[in-house]
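There are 2 protein chains.
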Amino acid sequence: MSNVKRVYFFGNKTAEGNGKMKELLGGKGANLAEMNLIGVPVPPGFTITTEMCTEYYKHKDGGREAVIKLIKPEAERAIAQIEALTGTKFNDNGNPLLMSVRSGSRASMPGMMDTILNLGLNDEAVETIAKKSGNERFAWDSYRRFVQMYGDVVLGMKPESAEHEDPFEVIIDHIKEERGITNDADLTAEDFKEMVRRFKAAVKQQTGNDFPTDSWEQLWGSVMSVFRSWMNDRAILYRKLNNIPEEWGTAVTVQAMVFGNMGDTSATGVCFSRDAATGENLFNGEYLVNAQGEDVVAGIRTPLQITLEGARRWAEAQNVSEEVRGRDFPSLEEVMPEAYGELYATQKHLETYFTDMQDMEFTIQNGKLWMLQTRAAKRTGAAMVKIAVDMLDEKLIDEKTAIMRCEPAKLDELLHPVFDKSAVASAKVLTKGLPASPGAATGQIVFFAEDAEKWAVDKGEKAILVRIETSPEDLKGMHVSAGILTARGGMTSHAAVVARGMGKCCVSGAGDVRIDYRTRTMTIGGVTFKEGDWISLNGSTGEVYEGKVATQAAELSGDFAALMSLTDKYARMKVRTNADTPADARVAIGFGAQGIGLTRTEHMFFEGDRIVSVREMILADDEAGRRLALAKLLPMQRGDFEGIFEAMNGLPVTVRLLDPPLHEFVPHTEKEQKELAAHLGLTYETVRAKVEDLHEVNPMLGHRGCRLGNTYPEITEMQTRAIIEAALNVKKKGIVTHVEIMVPLVGEVKELVYQKRIIDLTAATVFAERGEKVDYMVGTMIEVPRATVTADEIAEVAEFFSFGTNDLTQMTLGFSRDDIGKFLPVYLEKGILEHDPFQILDRVGVGSLMREGVRKGRSARHGLKCGICGEHGGEPSSVEFCDTIDLDYVSCSPFRVPIARLAAAQAVIKRQ
Amino acid sequence: MSNVKRVYFFGNKTAEGNGKMKELLGGKGANLAEMNLIGVPVPPGFTITTEMCTEYYKHKDGGREAVIKLIKPEAERAIAQIEALTGTKFNDNGNPLLMSVRSGSRASMPGMMDTILNLGLNDEAVETIAKKSGNERFAWDSYRRFVQMYGDVVLGMKPESAEHEDPFEVIIDHIKEERGITNDADLTAEDFKEMVRRFKAAVKQQTGNDFPTDSWEQLWGSVMSVFRSWMNDRAILYRKLNNIPEEWGTAVTVQAMVFGNMGDTSATGVCFSRDAATGENLFNGEYLVNAQGEDVVAGIRTPLQITLEGARRWAEAQNVSEEVRGRDFPSLEEVMPEAYGELYATQKHLETYFTDMQDMEFTIQNGKLWMLQTRAAKRTGAAMVKIAVDMLDEKLIDEKTAIMRCEPAKLDELLHPVFDKSAVASAKVLTKGLPASPGAATGQIVFFAEDAEKWAVDKGEKAILVRIETSPEDLKGMHVSAGILTARGGMTSHAAVVARGMGKCCVSGAGDVRIDYRTRTMTIGGVTFKEGDWISLNGSTGEVYEGKVATQAAELSGDFAALMSLTDKYARMKVRTNADTPADARVAIGFGAQGIGLTRTEHMFFEGDRIVSVREMILADDEAGRRLALAKLLPMQRGDFEGIFEAMNGLPVTVRLLDPPLHEFVPHTEKEQKELAAHLGLTYETVRAKVEDLHEVNPMLGHRGCRLGNTYPEITEMQTRAIIEAALNVKKKGIVTHVEIMVPLVGEVKELVYQKRIIDLTAATVFAERGEKVDYMVGTMIEVPRATVTADEIAEVAEFFSFGTNDLTQMTLGFSRDDIGKFLPVYLEKGILEHDPFQILDRVGVGSLMREGVRKGRSARHGLKCGICGEHGGEPSSVEFCDTIDLDYVSCSPFRVPIARLAAAQAVIKRQ
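Heads up: the protein sequence lines correspond to chains A and B, in order.
Numbering that gives the first Met the number 0 puts the first residue of the first sequence at 0, with every later residue one more than the last.
Numbering that gives the first Met the number 0 puts the first residue of the second sequence at 0, with every later residue one more than the last.
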C-alpha cells in the first residue's frame with residue numbers, strides 16, 4: 000500500500016480528487032473536490048479515503064495507530080496547504096486553524112454518522128479567536144460546542160440509551176436554572192466559560208483524563224470516531240434499510256472552519272435548486288443569520304426563507320402580512336443581496352454542472368459565501384418525474400438519463416391517495432406493520448368481512464377491515480373496506496396480494512396487534528380498540544395511526560404521461576396486468592397495460608351467489624353432481640370472460656384455470672355449514688365431514704392447480720367452454736380475442752398433456768356447435784421447481800410459459816409465505832437473507848431455475864413466449880432480472896404497471 | 000417391413016428363433032425355440048412376433064386383416080413343416096392337425112392373457128380324432144373344451160362382470176342336472192356331444208353366426224383374440240403392478256397339440272427344478288394322469304406329486320400312511336418310471352442350460368414326454384437367496400450373476416416375521432391398505448397411543464394401534480404395538496416411515512376404515528370393531544384380516560450372510576442406517592450397516608419425561624426461559640448420544656440437529672394443555688394461546704430445520720454441547736467417534752454459516768473446559784431445491800452433503816406427502832406419474848437437481864462426501880441412481896440395509 004494515496008487535498012479552485020471518486024472519497028469528499036475544480040468557493044481541506052476505514056476495521060482492537068502511521072505524513076502536507084491558504088497555523092494557540100471533521104460514504108446517509116466542528120480550540124486558542132473576531136461570546140460558544148461534541152462522540156460520553164441523560168445537557172440545564180433563563184440565546188460569554196469549565200470537569204471525572212488540548216490529538220480522536228460511527232446502530236440500520244453494503248466504509252473530510260455565527264454579516268443555510276416536493280423549477284431553501292450549521296436543522300430558532308418568492312409564498316400560507324414578513328421574516332435575498340446573488344449563481348452553476356437537482360449547504364462568514372456541500376437532492380415521486388421531464392425539455396439531460404433518473408418504486412407515490420403530510424406529523428403512531436399495499440386509509444374498525452359490508456355498504460361508513468389474516472372468503476368485505484390491517488402475513492400474504500391488486504391500502508403482519516374475534520376488539524401495546532373505533536393506515540410506510548388522519552388524492556400530471564411514453568420507446572419487454580375483473584382491466588389499460596398476464600378465474604367464484612354453486616360442486620358425491628353444479632356456473636363464468644374480453648378489446652388475455660385448494664371455498668363455521676347443508680338438502684354432519692375431508696396438512700403442496708383439473712376433468716371442461724363461448728360471443732361485437740389458456744402447477748408434462756387434451760376437445764366441440772372458431776393458445780405456469788428442470792419436455796406441449804414466481808419462490812426456498820413471520824424478520828436482521836424473497840426475486844436460487852426454464856423451453860420450442868405473473872412482475876429489480884433472462888413480458892397488478900414499464904425501460908438501458 | 004420375418008418355426012430339434020429373442024418372440028416362444036435347439040422334445044409349432052401385436056394396435060378399427068395379410072404366407076410355410084413332422088393336415092377333417100394358441104410377452108404374465116386349445120376341431124374332425132385315438136370321450140371332451148374356450152375368448156361370450164353367468168357354464172350345469180350328476184368326470188361321450196350341440200346353438204343365438212368350422216378361420220380368430228387380450232383389464236393392471244411397458248406387446252405361439260387326456264398312459268403336469276419356497280435343490284412338481292393342461296391348476300382333481308421323495312413328504316405332512324399313499328397318491332416316478340426318468344433328465348438339462356431354476360410344463364401322450372414350456376421360476380425371497388448362493392457353489396453361475404439373480408426388494412421377506420401361508424389362505428380379508436412396512440402382526444385394536452401402552456406394557460397384550468393418522472406424540476404407543484393401521488397417509492406418511500424405521504408391521508392409508516375416537520370403534524364395510532377386538536395386518540400386502548392369523552418368525556440363513564458378503568465385494572457405495580436409538584443402531588449393524596447416516600435428535604425428545612422439558616423450552620417467553628429448559632434436556636441428549644456412539648463403536652455417526660416444527664411437540668387437546676399449564680405454572684389460556692401461535696398454514700415450509708437453530712441459537716448450542724460431551728465421555732472408554740453434525744433445511748449458505756459458527760464455538764468451549772478434543776465435521780442436508788442450485792456456495796462451508804430426498808421430493812414436485820392421497824392414486828392410474836415419487840426417486844426432476852448438487856458441491860470442495868438419507872436410500876432403483884451420480888453412501892432404515900447393500904452391488908455390476 001506504500002504507493003497508495005490516502006489523503007486528497009482540495010482548496011482554492013484546485014483539488015487532488017474529483018467528483019467521480021465517490022467510492023474512494025465518499026459523496027461529500029468527491030463533490031467538495033469537484034466544486035473546487037469548477038471554481039465554486041469551498042473552505043480548503045482534505046479527505047481521508049474510505050480505504051482507511053477498511054484499514055481501521057482490519058485491526059481487531061481498532062486500527063487507530065495503524066491508520067495514523069499511514070496517513071500522518073500526507074495529512075501534514077495537506078494541513079500545510081490549508082495553513083498557507085488561510086494564514087493560520089494548526090495546533091498554534093496564537094493563530095489557530097480550526098477544523099471540521101465530517102463523514103461521507105459513497106451513498107448519502109444523512110445524520111447517521113458523527114461530525115465534529117470547531118476542532119483546534121482549547122483554553123488558549125479560544126482567547127485568540129475571541130480577540131481576532133472581536134466576539135468573545137462567539138468564541139466561547141464555539142468552544143463549548145466543540146467540547147460537548149467531542150465529549151459525546153469521541154470520548155463516548157453520550158449515553159447509549161435515552162433513559163440516561165447526556166452529562167453535558169445536565170450541566171447546561173443546571174446553568175440555565177441557576178441563571179433563571181430558558182433560552183440558549185440568553186446565555187452570555189461568561190455562561191459559556193463556566194459551561195466549558197464544568198464540561199471539562201465532567202470529562203475528567205468520567206474518563207479519568209483531561210480534555211485534550213493538542214490539535215493533533217483532537218484530530219485523530221475525531222477521525223477515528225467517524226470511522227467508528229460507520230458501525231453504530233443507526234448507521235447499520237440505515238444501511239440495511241437502504242441496501243448499502245457494509246464493506247463500502249466511510250471517508251473522512253477535514254476542512255477549515257468557516258463561521259456563520261460571527262455576527263449579523265454571517266449566516267448559514269441549506270438550499271435546493273428545485274422544489275423537492277413538487278419538482279417545480281424554483282430555487283429555494285432556509286437560512287439563519289449568526290448561526291452555526293446544526294442550528295438550522297436543530298429547530299431551536301425558526302429558519303427563514305432564502306428567496307423573496309419563497310418568503311412570500313410562506314407568508315401567504317402562514318397568513319402573515321407582507322409588512323410583518325418583511326420585518327420579522329426577511330429573505331436572504333433581501334438581507335444579504337450580494338451574498339444571495341452569488342449563492343443563486345452558484346446553485347445554478349452546480350445544477351447545470353451536475354445536471355441534477357442539488358441539495359446544498361452553505362455558510363456566509365462576514366459576507367463571504369462558502370459552499371460546504373452539494374449533492375443530488377432527495378425528492379418525492381412527483382418531483383422526481385417532473386424534474387426528469389423538465390430537464391429533458393431543458394436539454395439538460397438526454398432521454399436515457401431522464402429514464403434512469405426516475406426510481407420506479409417511487410412512482411407508486413403518484414398512484415395512490417396519500418396522507419396530508421402535516422396531518423401525519425401530528426398523528427399518533429400505534430404500531431408499524433409491513434407496507435403491503437401503498438396508499439392512505441382512514442376508517443372505522445371492523446373484524447369480519449360481513450361487518451365491513453354492513454358498515455360500508457349499508458351504513459355508508461368507511462371501514463378498516465382488521466383480521467389476523469384474510470382468506471378468499473373475505474374478498475367482498477375487503478373490496479368495500481377503505482383499508483386492510485392484518486396481524487399476520489407478509490408482503491405477499493393473501494391480504495397484501497389482493498389489496499395491491501385492488502389498489503387498496505393495506506398494512507399486513509402488524510405483529511403487535513392482538514385480535515379477539517369473540518369480543519370484537521383488538522389490543523395494541525395494552526390499549527384496546529373496539530369495533531367502530533377510528534384508525535388510519537399508511538400503506539406506504541406500514542404505520543398505523545390512532546383516529547382519523549386527513550388524506551389527499553393523488554394527481555397524475557402530464558409529466559407522468561410523458562415519462563411513460565418515453566419508457567415505451569426503450570423497453571423491450573411488454574407489460575401486462577394481473578386482472579380478474581373488467582374494472583381491474585380498465586384501470587390497468589389506463590396505466591398502459593398491453594394485455595392481461597393473469598386472470599385468476601377462482602376470484603370470480605366469490606362474486607354474488609355463485610359461491611353457493613361452487614360449494615355445491617365441491618360437495619357433490621360424484622361427477623354427475625359436479626356437472627350439475629358446474630352447469631350453473633357456466634353462464635356466470637362466460638359472462639365474466641365476456642366482460643374482460645370487451646375491456647381488453649383485442650389485447651391478449653391469459654386465463655388461468657382453477658388453482659386454489661377446494662378447501663378455500665367451503666365454509667368453516669358451524670353456522671355457515673348448517674346454512675349450506677340446509678341449502679343443499681344435506682345433513683350438517685355430512686357437510687362437516689366433507690369439509691373436514693378437504694382439510695390438508697400443507698395445502699400449498701396439496702390438491703390444487705392442475706391436480707384439480709386432472710382429478711375432476713369436468714371443471715376444466717366447464718372453464719374452457721366458458722372461455723371459448725365468451726370469445727365467440729364478443730366476436731359478434733367485432734372484438735378479436737387472443738386468449739391464452741393457462742394450466743397451473745404443472746410439474747410433469749403429462750399433467751399438461753391431459754389438460755390440453757380436454758381443452759382442445761372442448762374447444763372443438765364448441766366450435767362445432769357454433770360453426771365458428773376463434774384463436775386460442777394453451778400454455779402453462781412454471782411455478783413448481785420440477786417444471787423448470789423439465790421445461791424442455793413441457794415446452795413440447797405448452798405454447799407459452801408464464802413464471803409463477805410466488806409459488807416458485809415458496810417451493811424453491813421451502814418458504815410458506817403465510818408462515819415466514821416467525822423467521823424471516825430474524826433472517827433479514829441477521830443478514831442471512833438480504834431481501835424478502837417474495838418482494839425481490841431471489842436471482843441466485845429462483846432466478847437460475849427461471850433462466851434454465853427459459854433456456855430449456857426455447858430449446859424445445861423456438862421463440863417460446865415467456866412471461867412472469869408472480870408479484871415480482873411489478874418489482875423493479877425483479878423486472879430488470881426478467882429482462883436479462885429474455886422474458887417477453889412481465890405482468891403485475893394494475894397499480895404497478897407504470898412501475899414495471901419504467902423498470903423495463905431501465906433494464907434495457909442498463910444492458911446497453 | 001417387407002424383409003422382416005414375422006413367423007418363427009420350431010420343431011424336431013431345429014428352430015428359426017432362439018432363447019435370446021424374448022423381445023421378438025416373447026419368453027415362451029423364445030424358450031420353446033431354444034429347447035428345440037438343445038434337443039428337448041417339444042411339439043412343433045411357430046411363434047408370431049410381438050411386432051405383429053404392435054401392428055395390430057396401429058389400426059384403429061383392429062388390425063386383423065392387415066396382420067393376416069402380413070403373416071399368412073409365412074404361417075402357411077410353418078404349418079406345412081408341422082404337417083410334415085406330425086403326419087397330419089391342417090384344415091383336413093380326415094387327418095386333422097390340432098393346435099394350441101398361446102400368448103407370450105417379454106415378461107412372464109401368468110394367466111393374464113388368453114389361451115385356446117384343441118383348435119382345428121369341428122363336427123367331422125372330432126370323429127376322425129375319436130377313431131384315430133380309439134377314445135370317443137377324449138375326442139368329444141376336447142371338442143367341447145375348444146368350443147367353450149373359443150366362444151368365451153374369441154367370440155366374446157364370457158360376460159364382463161361376474162354378476163352374469165357364462166352361457167356355457169349354464170349349459171354344463173343344465174346337462175349335469177338333467178343327468179343327475181355332479182362331477183365332470185361322470186360325463187360321458189354322449190353328454191359331451193349334447194353339450195357341443197347346445198354350445199353351438201348358444202353361439203349361433205348370441206353371435207348370429209355359426210360356430211366356425213374352418214381351421215384357418217379358427218386360427219385367425221384365436222391369434223387376434225390373444226392380441227386383444229394384451230389390453231384386457233387384468234393384463235393392464237398386472238403390467239401396472241409389475242412395471243411392464245404397454246408398448247412391448249405379446250407374441251403368439253401356435254403349436255401342435257399333444258394330449259395328456261388320451262388315457263392312462265397319458266398325463267400332464269407342472270414341475271420345478273428346485274423348491275420355490277425354500278430354494279432347496281430338489282426337483283418337484285405335480286401331475287395328473289389322463290388330463291389336459293388346465294386341469295392341474297383348475298383344482299377339479301387333486302394333482303399328485305411327481306417325485307417319490309415329494310410324495311412321501313406330502314404324505315407325512317398330510318398324515319397319510321405310506322400304504323395309502325402308494326395306492327391312492329402314487330408319484331409319477333412310480334407310475335411312469337420311464338417318462339419320469341426322461342422328465343428328470345430334461346429338467347436337469349434345462350436348469351443347467353439356462354443356469355437358473357426352471358418352472359416347466361409338460362405333457363405325456365401315450366408314454367411319450369413333450370415339454371410345453373420352460374421359464375425361470377418365481378420364488379420366495381428365501382429361495383432366491385439360497386438358490387443364488389447354491390448355484391454359485393455349484394459353479395453354475397459366477398458371483399456377479401448370483402448378485403444380479405437376487406431382487407433386492409424381495410430380501411425384505413426374509414427380515415420380517417411372516418404369516419403362516421395356510422393361515423392366510425383361510426383368513427377373512429376386511430380391507431386392503433398400503434403395504435407401508437412389511438411383516439405380519441396380530442393383536443387387539445386400540446385407538447390411542449396411551450391405550451397401546453396400557454394394553455401392551457401394563458397388561459402384556461399384543462396391541463394393534465389404529466389411527467386416522469399418527470403423529471410424533473404416538474411414538475411410544477407405536478413402539479409398544481405389534482402393528483399399526485392408519486386410515487390416511489401414504490407410503491411415506493408418519494406412520495409408515497416410523498414403522499419401517501422400527502421394523503414394525505404397518506398398513507397405512509386404508510381408506511375404507513372409518514374411525515370414531517369418541518366411541519373407540521372402527522367400521523369397515525359396515526362391520527364395526529371395538530377396542531380389544533382382534534385383527535391381523537399383513538404389512539407386505541396391505542391386507543387387514545379379521546381375528547388372529549398365525550405368524551412365523553423369519554430366519555436368516557447362512558446363505559443370506561454369504562450373499563451379503565458377496566455384495567460388499569462389488570458395491571462401491573457404503574450403506575449406512577437411519578437410527579435414532581442404540582437399539583436401532585445395533586439392529587442395523589447386525590445387518591451390516593457401515594455407519595449412521597441420520598440420527599433424528601427430535602425422536603429422542605419424546606422419550607420418557609423429557610417431552611415436558613421440551614415443551615417448557617418451546618413455551619418459554621424468552622431466551623433465558625429456553626436456556627433453563629434446555630439445561631434440563633442437555634444430560635438426557637448427551638446420554639442418548641453416548642449410547643449411540645457406543646453401539647456404533649467407531650463407525651461414523653451423522654447427527655441431525657432439531658428439524659421439525661415446534662408445533663409437533665406441544666399438546667393439542669384441552670386436557671393435555673391444562674395438565675401442561677398446571678405443570679409449568681401457567682394459565683390454560685396462556686398455553687392455549689401459545690400453542691395456537693405455533694400453528695402454521697404449511698408447516699412443511701415453515702419455521703423448522705435450521706430456521707429454528709437460527710432463530711433460537713441456544714438450541715443448536717445445547718445439542719452441539721450434548722454431542723461433543725458425549726463424544727468426549729465415550730472416548731474415555733476407548734471409543735473413537737466420527738461425528739458428523741448435520742444442519743437441516745439449508746437453502747442459503749449463510750444459514751449454514753451462522754449454524755456452523757455456533758457449533759464451532761460451542762465445541763471449542765467444551766474442548767477448553769475438558770482440555771481434550773475429538774474430531775467432528777459440520778455438514779448439511781440438501782433438501783431444499785435452492786440448496787441444489789447453490790450447492791457450490793454451500794460446499795464452501797459444508798464438509799459433507801446428505802440429500803434429504805423426502806423433503807427434496809416434496810418441494811421439487813410441490814407434493815405434500817401428507818396430502819397426496821387425493822390425487823396421487825389418480826395420477827398413477829392415468830399414468831401421469833409412473834411411480835409414487837416418495838417410493839421411487841424421481842430421476843428426471845429430483846434426480847437432476849441431485850446430480851447438479853453433487854457436481855456443484857464437488858466443484859467447490861474436491862471429493863466432498865455426499866450421501867442420501869431420505870427414504871429412497873433403501874429403495875433399490877433409487878440406490879442404483881445414487882450410484883450413477885457418484886454418491887459415497889446411502890442411508891436407510893435398519894431393515895432396509897441388506898436391500899441397499901444388494902442394490903448397491905447390482906448398481907456397480909450394471910454400470911460395468
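All residues carry an ideal CB built from backbone N, CA and C; glycine is no exception.
Note that the coordinates shown come from a computational prediction; the quantities given were computed from them, not determined experimentally.
Item to complete: Keeping to the same chain, check which residues put their C-beta closer than 7 Å to that of B:V665; ignore five residues upstream and five downstream.
Response: Take B:V665, set aside five residues on each side of it, and the residues of its chain with a beta-carbon closer than 7 Å to its own are R614, I617, V690, L693, in chain order.
Worksheet item: Measuring CA to CA, which of A:G525, A:V222, A:P166 is closest to A:F204?
Response: It is worth fixing the name first, because residue 204 of chain A is Gln in this sequence and not Phe. Of A:G525, A:V222, A:P166, the smallest CA-CA separation from A:Q204 is found for A:P166.
Worksheet item: Where do the ends of the beta strand (DSSP E) carrying A:Q809 lie?
Response: From DSSP, A:Q809 is part of no beta strand (DSSP E) but of the alpha helix (DSSP H) over 804-812.
Discussion item. Restricting to Cα atoms, I'd like to know which of A:A592, A:A688, A:F640 is closest to A:D620.
Written reply: Looking from the CA of A:D620, the closest CA among A:A592, A:A688, A:F640 belongs to A:A688.
Discussion item. Rounding to the nearest angstrom, what Cα-Cα distance links A:K130 and A:K192 in this structure?
Written reply: Cα atoms of A:K130 and A:K192: separation of roughly 15 Å, rounded to the nearest angstrom.
Worksheet entry | For A:F258 and A:L120, the rounded distance between their alpha carbons | Their backbone Cα atoms lie some 14 Å apart in a straight line.
Worksheet item: Can you give the Cα-Cα distance for A:E879 and A:K573, rounded to whole angstroms?
Response: A:E879 and A:K573: Cα-Cα distance of roughly 13 Å.
Discussion item. Whether or not the stretch 28-45 of chain A and the stretch 261-281 of chain A are in contact is what I'm after, with contact meaning three or more pairs of Cβ atoms, one per stretch, closer than 8 Å; do they touch?
Written reply: Contact between the stretch 261-281 of chain A and the stretch 28-45 of chain A is absent, with fewer than three C-beta pairs closer than 8 Å.
Worksheet entry | At least three beta-carbon pairs within less than 8 Å, the stretch 630-638 of chain A to the stretch 577-587 of chain A | Below 8 Å, too few C-beta pairs join the stretch 630-638 of chain A and the stretch 577-587 of chain A to call them touching: fewer than three.
Worksheet item: So what's B:C52 in DSSP terms, helix, strand or just coil?
Response: Helix, per DSSP.
Worksheet item: Would you call the CB atoms of A:T566 and A:R895 closer than 8 Å?
Response: The answer is no: Cβ separation not under 8 Å.
Discussion item. Please identify the residue among B:T277, B:T345, B:L23, B:K399 whose C-alpha is closest to the C-alpha of B:E412.
Written reply: With distances taken between Cα atoms, B:E412 lies closest to B:T277.
Fill in: Contact belief for A:M958 with A:S99 at Cβ below 8 Å, rounded distance in angstroms
Outside the displayed span of chain A (0 to 911) sits residue 958 of chain A, for which this structure offers no information.
Worksheet item: Of all the CB atoms in chain B, is at least one closer than 8 Å to the CB of A:M359?
Response: It does not; no Cβ of chain B falls within 8 Å.
Worksheet item: Based on Cα-Cα distance, which residue from A:G531, A:K821, A:V506, A:G546 lies nearest to A:T540?
Response: Looking at the Cα atoms, A:V506 is the closest of the given residues.
Item to complete: Would you decide whether A:Q317 is buried or exposed? Buried here means 16 or more other CB atoms lie within 10 Å of its CB.
Response: Under this definition A:Q317 is an exposed residue.
Worksheet item: For A:M699, which residues in chain B fall below 7 Å Cβ to Cβ?
Response: Result: N697, L700.
Fill in: Rounded separation between A:Y286 and A:I305 - CA only
Whole-angstrom Cα-Cα distance: 6 Å.
Discussion item. I'd like to confirm the pairing. Which residues does DSSP put opposite A:F361 in its beta bridges?
Written reply: Partner(s): A:G268, A:M370.
Worksheet item: When DSSP builds the beta bridges, which residues end up paired with A:P651?
Response: Beta-bridge partners assigned by DSSP to A:P651: A:H737.
Discussion item. If the cut-off is 7 Å on Cβ atoms, which residues from the stretch 806-823 of chain A count as contacting chain B, listed in chain order?
Written reply: Cβ contacts with chain B come from Q809, M810, T811, L812, G813, F814, S815, D817, D818, K821, F822.
Worksheet item: What residues are listed by DSSP as bridge partners for A:K573?
Response: DSSP output for A:K573 lists A:Y888 as bridge partner(s).
Item to complete: Compute the beta-carbon to beta-carbon distance between B:F198 and B:V146, rounded to the nearest angstrom, for a pair I have assumed lies under 8 Å.
Response: Yes, they are in contact, since the Cβ atoms of B:F198 and B:V146 sit about 4 Å apart, within 8 Å.
Worksheet item: Going by C-alpha distance, which of B:E851, B:E874, B:A859 is nearest B:I884?
Response: Looking only at B:E851, B:E874, B:A859, the smallest Cα-Cα distance to B:I884 is reached by B:E851.
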